[in-house]
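Taken in order, these protein sequences are the chains called A and B.
Taking full-length UniProt numbering as reference, the numbering of the first sequence is continuous, increasing by one, and the terminal residue is 304.
Taking full-length UniProt numbering as reference, the numbering of the second sequence is continuous, increasing by one, and the terminal residue is 334.
By construction, the Cβ of each residue, glycine as well, lies at the ideal position given by its N, Cα and C atoms.
All remarks here apply to the structure that follows.
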Amino acid sequence: MTAIMEVVEAPQIQGRSPFTLAMRRLRRDKVAMVSLAVIALIVLMAVFAPVFAHLTGHPPNEQYRDTGLTPDGLPRGPDGTFWLGTDDLGRDVLVRIAYGARVSLLVGVAATAITVAVGIVLGLAAGFLGGIVDTVLARLIDVVLSVPFLLVAIALVSVTGPSLTITVLVIGFFSWASVARIVRGQVLSLREREFVEAARSLGAGDTRIMFVDILPNVLAPVIVYTTLLVPVVIVTQATLSFLGLGLPPPTADWGGMINEAQAYYTTAWWFILFPGLALLITTLAFNLFGDGVRDAFDPRADRS
Amino acid sequence: MTPLLRIEDVHKEFPTQRREVVHAVDGVSLEVRRGETLGLVGETGCGKSTLARCIARLYDVTSGSVWFDGHDITSSSRRELRALRRSVQVIFQDPYGSLNPRRRVGSIIGDPFAIHGIAAGPERKKKVQELMELVGLNPEHYNRFPAEFSGGQRQRIGVARALALRPKLVICDEPVSALDVSIQAQIINLLADLQHEFDLTYVFISHDLSVVRHVSDRIAVMYLGKIVEVAPTEELFGQTRHPYTRALLSALPVADPDTADSREQIILAGDIPSAVGPPTGCRFHTRCPKAGAVCGSSEPPLEPVLDDGPEHRTACFFPLTIGENLSAAVLKAS
């Protein structure tokens, strides 16, 4: 008889990180989960924008002057051919909204990413290194936050001409300061904590302490701020486009569509309503999701 | 044999926002011998933690020198400092504050290996788990976060981290003050076992005299940035010379109520003076029942007094004799 040796691998004891716990709370938040689903749908719409063009048979910039406009030259309402109607040049509103989502999301994500990366690094440096670095950066933050954003943005775009890159850079340049300020404030208190001293007594250098010891402790407020920053950036991008400072035509984007529709709101409600709804639903979903993230990361905050 | 640590006339000053200077450590000289435990006691704010941080070179001293193993570390280069970090380690007071709440225990204890590039990957994990076992933690809890441990367990994590690099000197900065009494004993026994096993030298800081008495070979008493008395443990308790030491000792709780009743209880008048503008002469003269005119004008040197041997040094012009009643002097003074 052979003894059967059962080798049981000891189960790995997995610690529950504050991050895991926050994610668990977030998953139980119905509003946040619905918002996340809506965001996912918008992302799908952006990714599969060509599918919309294929299904309807209408490329986003194609002008249907015969079928897409009334004999008077006005936009056509929603029907079997143009599901959400046409615009003033006879283009398919649905297809253009789908393509416009690409611009909104791209700018939203890219500008937020720049903002957060720059804000974290400069905020960490200011808060942790202190001294002259902090003085200079803190004043710079104050200056950037007190510059009238739209005026400078308009001036800048009128000099360089509108483009996707300039939009992202302008938004990024004016947003990093708030992130840096949040991070700096957190770091100022964190650097006095004993675990920083412990790291130093082990021989850790400044860079290691900043990124290994302090950074994980400032991530929660930054994540919360980031999810709430995305809708702000999307609205800002739409605002710039609305003012004619967004992407050069004929590229479809929501702010530009709303701008073009201004003259037609009495005659063609769909022309202004659907891009507006797209913008509203997107920002609302991001905002509600951001609220959920905030509650998840800070369970003490009042939820009433 | 040279002492493992010798500090000479160390001063540490901090500027305040109002352009004043806090004299946190004000001319301290001490020796710590290999393998011994030196207790450092004193009230909150007397500079004992600052002194500890000067020894570990977490602070740069304002003046004076700190000699570790024959080298003056106050002027160490970055490279020498890295080497020093391996030999001198600190166990911190607050087991809640000294562990990064966002990092797993395994990486916290593995930090010394990572920083000094000693072990990586599975080898580091193995070493960390050995350390966890050594200090009485379950090595399977490697992936947990500090918040999932009790105070005593967290202090064990702090001990494991401090011992990772096999230091020669461990500075225990009030390692048990934040713990329950029952847990204190466990940690103190753990420290004693580890000292025995790894031939460690401890500087043990505490305001709890009974703990210090239990662990220390010698005790130094600090008051307002200065050492007022240093002696082998039993001698300090048996032949107390400095009035401040006597006052501290009288505050020790006694388990036997009869002894407690008959015992002299000294309650000092006033608070500890500010370290911004410390009193002239003997720092303690403003509160000392035995103070005379000379105490306010000149500073007593730290040296053997009366018939004490060279091991027992006291900074006092009017040291207590054995059996002298200090409370009589208190009554007379008031």
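Cβ-based burial, valine 294 of chain B [other Cβ within 10 Å; buried from 16]: exposed
Cβ shell of valine 25 of chain B (< 7 Å), same chain only, five flanking positions each side left out: Val10, His11, Lys12, Gly47, Thr50, Leu51, Cys54, Gly225
For serine 304 of chain A, three-class secondary structure by DSSP: For serine 304 of chain A, the predicted model reports a pLDDT of 41, less than 50, meaning its position is unreliable and no value from the coordinates is stated.
Element boundaries [alpha helix (DSSP H), containing tyrosine 265 of chain A]: From DSSP, tyrosine 265 of chain A is part of no alpha helix (DSSP H); its letter is neither H nor E.
Contacts that serine 76 of chain B makes with chain A (C-beta to C-beta distance below 9 Å): By Cβ distance, chain A contributes nothing, its closest Cβ being about 12 Å from serine 76 of chain B, past 9 Å.
Test item: CB-CB of valine 93 of chain A and threonine 226 of chain A under 7 Å: no
Chain A within 7 Å of proline 95 of chain B, Cβ atoms only: no
Tryptophan 176 of chain A, enclosing alpha helix (DSSP H) - first and last residue: 164–190
Buried versus exposed call for aspartate 79 of chain A [16 or more other C-beta atoms within 10 Å across all chains shown]: exposed
Interface positions of the segment 108–127 of chain B facing chain A (Cβ-Cβ less than 9 Å), listed along the chain: Ile108, Asp111, Pro112, Ala114, Ile115, His116
Length of the line joining the Cα atoms of alanine 110 of chain A and tryptophan 269 of chain A: 32 Å
CB contact check: phenylalanine 198 of chain B to chain A, cutoff 7 Å: no
Glycine 238 of chain B versus histidine 207 of chain B: straight-line alpha-carbon distance, rounded: 19 Å
Inter-residue Cα distance where the pair is serine 29 of chain B and aspartate 69 of chain B: 16 Å
Length of the line joining the Cα atoms of valine 118 of chain A and leucine 165 of chain B: 36 Å
Beta-carbon spacing of valine 212 of chain B, valine 221 of chain B below 7 Å: no
Delimiting residues of the alpha helix (DSSP H) encompassing methionine 210 of chain A: Note, methionine 210 of chain A: premise wrong, no alpha helix (DSSP H); not H, not E.
CB contact check: phenylalanine 195 of chain A to chain B, cutoff 7 Å: yes
Below-7 Å beta-carbon distance, serine 334 of chain B vs any chain A residue: At serine 334 of chain B the pLDDT is 47, less than 50, meaning the model places this residue with poor confidence; the figure from the coordinates comes in the next sentence. Answer no: the Cβ-Cβ gap between serine 334 of chain B and chain A never drops below 7 Å.
Chain A contact for phenylalanine 68 of chain B (CB, 7 Å cutoff): no
Buried or exposed by the 16-neighbour rule on C-beta atoms within 10 Å, applied to leucine 44 of chain A: exposed
Against chain B: residues of the segment 210–239 of chain A by CB proximity under 7 Å: Asp213, Pro216, Asn217
Counterpart residues of methionine 222 of chain B in DSSP-defined beta bridges: B:Ile227
Own chain residues within Cβ distance below 6 Å of asparagine 287 of chain A, not counting five before or after: Pro231
Contact between the segment 187–203 of chain A and the segment 139–155 of chain A (3+ Cβ pairs under 8 Å): no
Listed by chain order, chain A residues near arginine 103 of chain B by CB distance under 7 Å: Pro216
Residues near residue 411 of chain B by beta carbon distance below 8 Å, same chain, minus five either side: Outside the displayed span of chain B (1 to 334) sits residue 411 of chain B, for which this structure offers no information.
CB contact below 7 Å: glutamine 17 of chain B versus chain A: no
Unbroken stretches of the beta strand (DSSP E), 3 residues or longer, contained in the segment 239–294 of chain B: none
Boundaries (first-last residue) of the alpha helix (DSSP H) holding phenylalanine 149 of chain A: 149–160
Classification of leucine 229 of chain A by the beta-carbon crowding that lies within 10 angstroms, buried from 16 upward: buried
Which listed residue (B:Asp308, B:Gly42, B:Ala119) has its alpha carbon closest to that of alanine 247 of chain B: B:Gly42
Beta-carbon neighbours of arginine 85 of chain B, restricted to chain A and to distances below 7 Å: Ser201, Leu202, Gly203
Aspartate 87 of chain A beta carbon less than 7 Å from that of phenylalanine 242 of chain A: no
Neighbour flag for serine 17 of chain A against chain B, beta carbons, 7 Å: yes
Residue(s) in a DSSP beta bridge with serine 65 of chain B: B:Glu8
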